[in-house]
Structures are given as structure tokens and as C-alpha cells.
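In full-length UniProt numbering, the protein residues as written are 1 to 489.
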């Protein structure tokens, strides 16, 4: 898993490393990595020589990185212009290097641009773009290069205007994100939260991490970690010659009802795609479940389902007395439990709080933002990681806070973020599939936080795969899970 670090930790690491190096070394390392990526992008647009590059330069070291990178590109034949947002406070050495390489300072963007470097503000910036910078960033949207294609925007370290430690993005008066929207972000030394979580993450575009030597100097606990394919491969339960359906784990699914049979079908479909050897269904949609999934063992009640290694409960269950009784039966079971949808609604009044907190076995809850708000009495807010961790501590449960960048928080303060999310999954029933897959991983013996991270990762890939064929439905996602999971080997 890739660690993500807060600004204070990055600053401390930079200070420690800089004390061992000649002055300016870190900036030169960063600028060289930045210039290299810009050169590769320009190569795809006709080459560095003769290209037109604009540097948006703020007053801090971020602007210095942009100026030194611009000097590298100018020495390779690019026509590099620098627009200084605070001329009297621009990085002096960087500006001198740019001019020595043939770059020039301008007071307005050139009409033709192949690449724009966003060096307005870096990790020390707060509160969105100032008015002049906001207007400037907005004005560049229509600029095109030699090839007639919109200019490529590269952010230096982070897109200017985002809240680096939370991924929050302020809005303008017209409701637009008050931050630079980059095609590529070249970040230095460590990933920062705004590059992977919250509404800032999509503004970062493709993220490239340039190693400037910070690794040994980063101390303490990362803000969160990003799940990778290699993690999911490592966590996925393996089969052996002695494997059989019971040793692989049995997952119980208490979802759906006569009113909402589709929720049962979808959650069972997600469970069947997972690693377990058997699915037991308990609920009012058993006829439809058996019609579509004949391998399932189906009963009408949790009490009659038989032995399982994990339960999934909630999707389409309803919120009446019978549904509450089924939820109590699930919570009483000494096995890991996934609570989704209607199960979360049944928890809101607090009547099951003692039973929930008193469980010895793990619990995973999977709220979207509206469900989170009902559970907590307030929305997740600007810091989604902190929100997930607060709810996890309060409920003594692993929280999978669904969204474009799903966040997983644990009761002991660890956090993970899923990088594979897609807006294509914002359609009814896809969460049912996710809950079923998560339950199957728990029944297969995967720890709760790893099961949540792996399920979110694979669910996101399935959503992307399904979207290749056009508009996505939940059955499409359940179907796409199988070939995605097959790649695990």
C-alpha cells in the first residue's frame, strides 16, 4: 500500500533532509523531475523544441520549482514564458535561471500554448485561489497549442487552491471548484492527501511521484494508505489441493424482501463472485434468488440458515419489526458482519447500540454520505478521512465511506483510500454488489480493513470495466466482477 503523508510530516522530512545537503539541492531535484515529465508530455505533442510553455508563478518555493523546470525546457528549445502573480516576491534564483536559459517574463498569457505549469501555490496554500489567480486559471481553458489541442496543464506538487491535508476544494461564487484542474500533477517526495481523496483528487489528474530522497526522513504514521493491485493479490485467499466448499468459508446473506428482491439477487451475486465456497441466503426473496443463483442454499430466516463464517445484512431488507428482528439475529452471531443500507437505517435510533458495540466479532458498515449523515447527525464535511475515523471509533466498527474515492477507517485510527472509483458506479444497486463481495472476503478469512479495501478496489475496477459497454447497471457490475477477479490468478 502506498503511504500518504500530511503537510507537517512532509515539511519535517524536508527540513531533516535539507540539513544534510547543499542549499537548493531539493529544489533542483524537484525541478529536474518536473521538467522530465513536461518534456515527455510535449514529445507527444510534436516535441519540446518549438513548443510554447507558460509558467504560472506564485511567491513560494512552488513557483521556484516551476521556474527552474522552465529553464530546463528553455534550454531544450521551448519558448517559455513566465507570468508572475506577485512579481516582487518571485523566487530570485529560479527567475534568473529562466532568463539565462532564454525564457521571458510576460504580463498576459501568449495566444498559443502547448503546456501550462501551475506553480501558483504549493502545499502551504490555504483557502482556494485568490481572485487574480482564479481569473487567470479560468482564462486558460480555451488556449490551444500548435496542434490545435487544448493546452496540457501540469500542477507542481499539488493543484493550486486545494486543501492539501483533506482534499477539500472551496467553490467560487458560481459554484465551480476554486482550484486549478490539472491533467497531470507531478508531486515531490511523498503523496499528499489531496492527490488521492476528496473532491481535490479528480482535479489532480494523473499523479506522478518524483523521488527526491525524502523516504528515510518521513516519520510517524501516514495520514492514510492507497490500495494497490499487488495488495489485493496478496490478501486474496488462495486455493489448495485440500480446499473444499466449507474450508473456503460460507457467507450468509440476509438482504432483500418480497418488495425488493433485486437487492437480494445483487448482494448474492457479489458474494458468489468472491472467494468463499458457499452462499446461504436468508430472507423473503428466496424464490428469486434461487431462480437466478441455483447454487445458493436459501431459507426464510437468519435463525434457519445454518452455520456461516460471516453475514451480510441490510440491502432491501426493509425497516419494519421483522427486519429489525433479522438484524438482531445477525448481530448476535459470533462472526464478522457487514451492515449496509436498511441495516444502517435501523441503527439510527440507537436501540441496537449496545448490541452493536458489545460484539466481539468484527463489524463493517458501508454508508454513503446520506446514511453517514443520519448515523452521525452531520455530513462527512470537508475532511472525509477524519469523518470515517470518527464514526469507526464511535461504532467500534470498520467504516467504508462510499464515494468516488471511497475511504476506509478503522476504530484504532488507520485509514485507507480506494483509487479505482468511478462515477459510473453512482447507480442503484451497485452498493448491494459491493456488500456481498465484502462479506465473501470476510467469510474467507480476510481481516475487516483488508476485506473492505480489497472489495472497494475490485468493485471500482468492475465499474470501470462495465462502463466500457455504455451506461452501467448494477447487474453489469456483478457480471464484470468475475473477469476482474479472474486476473488475480
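Note that beta-carbon positions come from the ideal geometry of N, C-alpha and C, so glycine has one too.
Subject >> Separation of residue 480 from residue 200, as counted between CA atoms >> reply: 28 Å
**OP:** Check the DSSP bridge columns for residue 84 and list the partner residues they point to.
**Re:** Beta-bridge analysis with DSSP links residue 84 to 57.
Subject >> Closest Cα partner of residue 359 within the set 329, 387 and 348 >> reply: 329
Original post:
In whole angstroms, what is the alpha-carbon distance linking residue 373 and residue 103?
Top reply: Going from the Cα of residue 373 to the Cα of residue 103 covers about 52 Å.
Subject >> Simplified DSSP state of residue 208, which is helix, strand or coil >> reply: strand
Subject >> Proximity of residue 485 and residue 442 at Cβ, strictly below 9 Å >> reply: For residue 485 and residue 442, no; Cβs fall outside 9 Å.
Original post:
Helix, strand or coil: which one does DSSP assign to residue 310?
Top reply: DSSP places residue 310 in strand when its eight states are reduced to three.
Original post:
So, residue 164 versus residue 185, is the Cβ gap smaller than 9 Å?
Top reply: no
**OP:** Keeping to the same chain, check which residues put their C-beta closer than 7 Å to that of residue 48; ignore five residues upstream and five downstream.
**Re:** Correct list, in chain order: 39, 42, 73, 76, 77 and 78.
Subject >> Alpha-carbon spacing of residue 409 relative to residue 425, whole angstroms >> reply: In a straight line, the C-alpha of residue 409 is about 21 Å away from that of residue 425.
Original post:
How big is the Cα-Cα spacing for residue 255 and residue 278?
Top reply: 16 Å
Original post:
Out of curiosity, what's the CA-to-CA distance linking residue 376 and residue 352?
Top reply: 15 Å
**OP:** State whether the region 252 to 266 contacts the region 429 to 439, with contact taken as three or more CB pairs (one from each stretch) at a distance under 8 Å.
**Re:** Counting Cβ pairs under 8 Å, three or more are found: they touch.
Original post:
From residue 337 to residue 466, what distance separates their C-alpha atoms?
Top reply: 28 Å
**OP:** Decide if residue 10 is buried, meaning its Cβ has at least 16 other Cβ atoms within 10 Å, or exposed.
**Re:** Under the 10 Å beta carbon count, residue 10 is surrounded by 16 or more other beta carbons and is classified as buried.
**OP:** Return helix, strand or coil for residue 170, following the three-state DSSP convention.
**Re:** coil
Original post:
Nearest to residue 168 by alpha carbon, out of 195, 190, 146 and 148?
Top reply: 195
Subject >> Simplified DSSP state of residue 395, which is helix, strand or coil >> reply: Residue 395 falls in the helix class under three-state DSSP.
Original post:
Span of the beta strand (DSSP E) holding residue 224?
Top reply: Its beta strand (DSSP E) spans residues 224 to 226.
Original post:
For residue 36, which three-state DSSP category applies?
Top reply: Residue 36 carries a helical assignment under DSSP once its states are collapsed to helix, strand and coil.
**OP:** Indicate whether residue 385 and residue 166 have their beta-carbon atoms separated by less than 9 Å.
**Re:** Residue 385 is a Cβ neighbour of residue 166, given a cutoff of 9 Å.
Original post:
Between the beta-carbon of residue 205 and the beta-carbon of residue 158, is there less than 9 Å?
Top reply: no
Subject >> Residues that DSSP places opposite residue 27 in a beta bridge >> reply: Bridge partners of residue 27: none, in fact.
**OP:** Tell me, please, which residues DSSP counts as bridged to residue 274.
**Re:** Answer is none; residue 274 lacks a bridge partner.
Original post:
Between the region 170 to 183 and the region 223 to 238, are three or more C-beta pairs nearer than 8 Å?
Top reply: no
**OP:** Starting from residue 187, trace the beta strand (DSSP E) both ways and give me its first and last residue.
**Re:** 184 to 188
**OP:** Can you grab the Cα-Cα spacing for the pair residue 88 / residue 116, in whole Å?
**Re:** Their backbone Cα atoms lie some 22 Å apart in a straight line.
Original post:
Are there 16 or more other CB atoms within 10 angstroms of the CB of residue 245, so buried, or fewer, so exposed?
Top reply: exposed
Original post:
Whose CA, out of 478, 208, 111 and 243, lies closest to the CA of residue 54?
Top reply: Closest option to residue 54, Cα to Cα, is 111.
Subject >> Coarse secondary structure for residue 150, derived from DSSP in three states >> reply: strand
Original post:
residue 331 to residue 393, Cα distance in whole Å?
Top reply: 18 Å
Original post:
Which parts of the region 331 to 358 are runs of the beta strand (DSSP E), unbroken and 3 residues or longer, counting only runs that do not cross its ends?
Top reply: 337 to 339
Subject >> Classification of residue 355 by the beta-carbon crowding that lies within 10 angstroms, buried from 16 upward >> reply: Its Cβ having fewer than 16 others within 10 Å, residue 355 is exposed.
**OP:** Helix, strand or coil for residue 433, going by three-state DSSP, please let me know.
**Re:** The answer is helix: DSSP assigns residue 433 an H, G or I state.
Original post:
From residue 445 to residue 308, what distance separates their C-alpha atoms?
Top reply: Residue 308 has its alpha-carbon roughly 12 Å from the corresponding atom of residue 445.
Original post:
Which residues does DSSP pair with residue 493 in a beta bridge?
Top reply: Look at the range of the chain in this structure, 1 to 489, and you will see that residue 493 is not part of it.
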